[in-house]
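Numbering (my numbering), first residue to last: 321 to 427.
Even glycine gets a Cβ: it sits at the ideal position worked out from N, Cα and C.
Inspection log for the structure reproduced underneath, given as structure tokens.
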Amino acid sequence: MEGDSRKRAACVSLSLQDDDDDEDEKMERFFSLIRNIRATKEGLMKEANESKPKKPKEERAAVWIPTFECEDFMQEINFKAPAIFSNSSKNSSTVKENQENTRAFLD
């Protein structure tokens, strides 16, 4: 009985070591693929940047900053009368008051 358990333990330990070796090998291949992909990407980007014709840097136009003078605001402004919408539920005296208020505002 003891011999059987030792054989099983030995087989189990060997299979676990094989699995660990396989996983390590797979991980190493995976990371080498990642490194190769990154190197290829960097090489392609470098090649693309070198093949582009160099353009001289353009100077940006200055941003316009408005300046105001007092004369800009001295002109009289005439506003149009605001639109008045009547509601059928309102009585005519309220509409007339609104019209009178608008005329007073404009005068």
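Could you tell me how far apart the beta carbons of residue i and residue j are, in whole angstroms, since I believe they sit closer than 8 Å?
i: Thr414; j: Ala401; result: That belief does not hold up - the Cβ atoms of Thr414 and Ala401 are roughly 17 Å apart, past 8 Å.
What's the call for residue i, buried or exposed, on a 16-neighbour Cβ count within 10 Å?
i: Glu417; result: exposed
Q. Is the stretch 358 to 371 close to the stretch 383 to 391, with three or more CB pairs under 8 Å?
A. no
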